[in-house]
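Enquirer: Take 1 as the starting number for the sequence shown in the numbering used here and just add one per residue. Beta carbons: idealized from backbone N, C-alpha and C, even for Gly.
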Amino acid sequence: MASNQLPNVVFIIADQMKWSALRMYSNIGIETPALERLAHEGVRFENGITPHPLCVPARVSMMTSRFAHSTGARRNETLMPPGELHAFRIWKDLGYTTGLIGKNHCFIQRSDLETLDVRLEISHGGLSKDDYLGEDPSVQGMEWVTPVEVIEESHSSRSNMRGGSGAGNYIVSDHHLDGYSSSAIPTQVESFLERAANGDTFDGNGETGGQEKPFAIQVSFPDPHAPNEVPRKYAEMIPPDSISLPPLRKGEFEDPKAPERNKVVYEMLNLEGKSEDEVRNIVATYLAMTRFVDDGIGRILDKLDELGLRENTIVVFTADHGDFAGEHNMFGKGGVYYDSLVRVPYIVSWPDGGVLQSAVNDSPVSTIDLLPTILHLSGVADFNSYPLDEPGQETSSPGPRVLIDTNSELITSESLRRLQGKLLPTVTDSSERIAAFSEYGTGGPDFTL
Numbered sequence: 001m002a003s004n005q006l007p008n009v010v011f012i013i014a015d016q017m018k019w020s021a022l023r024m025y026s027n028i029g030i031e032t033p034a035l036e037r038l039a040h041e042g043v044r045f046e047n048g049i050t051p052h053p054l055c056v057p058a059r060v061s062m063m064t065s066r067f068a069h070s071t072g073a074r075r076n077e078t079l080m081p082p083g084e085l086h087a088f089r090i091w092k093d094l095g096y097t098t099g100l101i102g103k104n105h106c107f108i109q110r111s112d113l114e115t116l117d118v119r120l121e122i123s124h125g126g127l128s129k130d131d132y133l134g135e136d137p138s139v140q141g142m143e144w145v146t147p148v149e150v151i152e153e154s155h156s157s158r159s160n161m162r163g164g165s166g167a168g169n170y171i172v173s174d175h176h177l178d179g180y181s182s183s184a185i186p187t188q189v190e191s192f193l194e195r196a197a198n199g200d201t202f203d204g205n206g207e208t209g210g211q212e213k214p215f216a217i218q219v220s221f222p223d224p225h226a227p228n229e230v231p232r233k234y235a236e237m238i239p240p241d242s243i244s245l246p247p248l249r250k251g252e253f254e255d256p257k258a259p260e261r262n263k264v265v266y267e268m269l270n271l272e273g274k275s276e277d278e279v280r281n282i283v284a285t286y287l288a289m290t291r292f293v294d295d296g297i298g299r300i301l302d303k304l305d306e307l308g309l310r311e312n313t314i315v316v317f318t319a320d321h322g323d324f325a326g327e328h329n330m331f332g333k334g335g336v337y338y339d340s341l342v343r344v345p346y347i348v349s350w351p352d353g354g355v356l357q358s359a360v361n362d363s364p365v366s367t368i369d370l371l372p373t374i375l376h377l378s379g380v381a382d383f384n385s386y387p388l389d390e391p392g393q394e395t396s397s398p399g400p401r402v403l404i405d406t407n408s409e410l411i412t413s414e415s416l417r418r419l420q421g422k423l424l425p426t427v428t429d430s431s432e433r434i435a436a437f438s439e440y441g442t443g444g445p446d447f448t449l
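1. When you compare the CB positions of I217 and V189, do they come within less than 9 Å of one another, or not?
2. Enumerate, from N- to C-terminal direction, the unbroken beta strand (DSSP E) stretches of 3 or more residues contained entirely within the segment 148-215.
3. Pick from P7, N8, G29: whose alpha carbon is nearest that of P345?
4. In angstroms with no decimal places, state the Cα-to-Cα distance between V315 and Y286.
5. Since R44 is in the beta strand (DSSP E), which residue starts that stretch and which ends it?
6. For E414, which three-state DSSP category applies?
7. Would you identify the three-state DSSP class for D15, choosing helix, strand or coil?
8. Return no unless some Cβ of chain B is closer than 9 Å to the Cβ of H86.
9. Can you confirm whether the segment 60-71 touches the segment 364-377 when touching is taken to mean that 3 or more C-beta pairs between the two stretches lie within less than 8 Å?
10. Would you mind giving the Cβ-Cβ distance between F253 and G99, rounded to the nearest angstrom? I have them listed as a contact below 8 Å.
11. Alpha carbon to alpha carbon, what distance is there between V365 and L38?
12. From S454 to H376, what does the alpha carbon distance come to, in whole angstroms?
13. By how many angstroms is the C-alpha of I49 removed from the C-alpha of R280?
14. Can you check which of these residues, R66, A73, E77, R75, is closest to A87 by C-alpha distance?
15. With a threshold of 16 other CB atoms inside 10 Å of the CB of G326, please say whether the residue is buried or exposed.
16. For P450, collect the residues of the same chain with a Cβ closer than 6 Å to its Cβ; drop the 5 residues on either side in sequence, then sort them by chain order.
17. Taking Cβ positions, are T313 and V10 nearer each other than 9 Å?
18. What residue range does the alpha helix (DSSP H) around G332 cover?
19. Going by C-alpha to C-alpha distance, which of V43, M330, L309 sits closest to S349?
20. Give the DSSP bridge partners of S366, in chain order.
21. Among the candidates P351, F317, S138, whose CA atom is the shortest distance from the CA of L35?
22. Just reading off the beta strand (DSSP E) that L100 is part of, what are its end residues?
23. Helix, strand or coil: which one does DSSP assign to N27?
24. Are there 16 or more other CB atoms within 10 angstroms of the CB of V336, so buried, or fewer, so exposed?
25. Going by the beta-carbon positions, is the gap between A184 and V230 smaller than 9 Å?
26. Is it right to say L304 is buried, meaning 16 or more other beta carbons lie within 10 angstroms of its own, or is it exposed?
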């Protein structure tokens, strides 16, 4: 491989993996041999922070190095806005072969999807049948190595949990191990790496007999996000009686000074009525899913070593956000900035690029800085040299979307279905008026301030 070859990039993201799920971060976490190996080969950041505790805003920020209030991607329904400069646009411009294997939950525009040479999407309920616009199947550049029928069968139990994936639901299942996303994804990445190492650019022209183009691939595991399902092999590795539950502060949300929003999230996600044994089973399932993801990451690292690609490959691991996983007597996530939701694992490794090895850095760092960091390490692009906006694009972002109603005529029981908590009081001499903001984009027609 030429010394001036651009480094490859393997950008691994777990969905909803809290920092303290890992023993290297917390004594209540589990051993994760692959991630511990990756940390040994690079820098582990002790205080990694995500800019947002929800999936889409966190992912858009990660891929654009911009905050949600700048992009307008504030909720899980507001995917990558049109015209945003993101990692795949830059990598494509630099001549990389690009790929996304796993959970997307970020890109929706046709112009963005076209920056990917390889795209194979899989999420919590199994394979995606089409893209977010309902136009194209979410498979391009490669076919699934694991038979589609096996993947679908292995997700059959989980897909039936979608309507009841709230706090406290979990199952241990016995499907074909290869079909779970935490196995099917690394199998696919192994195939991608083999083909990329032999010069395949995934454009239909076949292999060229040696790597000529660098590759940048996002490996996006849907786990350990709910619905919480784990194969029996991994459930047996993490017995419920072997784990440590996080400490609780009784009466936390009975405190009149507790923020109203935090109380609302507690009403949605609390584990009230669950026995300690039940909570142990729930948390153990989450941790077992984490271990399953770790094994998949180990397979990817092994393949990089086997193909002689590891030395010139930047490998990054993080998560979009965390999970309560028993903290504050809750399970899941919501739009609040608790440590368990915004503190994430954060590891950067590049053996051939001068990145320190077996290093621990306790400085606060954000996943919003990953893209410029990778570009800086590559030594070929200064992120600040790229324009933040496309020519002609408005530089000001839209204000928050709200539902406004006069005299309650538009507020129906269906509109209020997902509005939680107390309405804010107003002082006015006009007739009664209700204004409500829906975090998840439901509740009526949009009105942009």
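Expert: Reading off the structure:
1. yes
2. 170-173
3. G29
4. Rounded to the nearest angstrom, the two C-alpha atoms are 24 Å apart.
5. 43-49
6. Since pLDDT at E414 reaches only 43, below the 50 mark, its modelled position is unreliable, and the value read off the structure follows with that caveat. In this structure, E414 counts as coil in the three-state DSSP scheme.
7. coil
8. In the displayed structure, chain B is absent; only one protein chain is listed.
9. yes
10. Not quite, the Cβ-Cβ distance comes to about 44 Å (not below 8 Å), so this is no contact.
11. Using only the alpha carbons, I get a separation of about 18 Å.
12. The requested residue 454 is not part of the displayed model; the chain covers only 1 to 449.
13. 27 Å
14. R66
15. buried
16. In the structure displayed, the chain extends from 1 to 449; residue 450 sits before or after that span and is not available.
17. yes
18. From DSSP, G332 is part of no alpha helix (DSSP H); its letter is neither H nor E.
19. V43
20. S366 pairs with I49.
21. F317
22. Its beta strand (DSSP E) spans residues 97-102.
23. coil
24. The residue is buried, with at least 16 neighbouring Cβ atoms inside 10 Å.
25. no
26. The residue in question, L304, is buried, as its Cβ has 16 or more Cβ neighbours within 10 Å.
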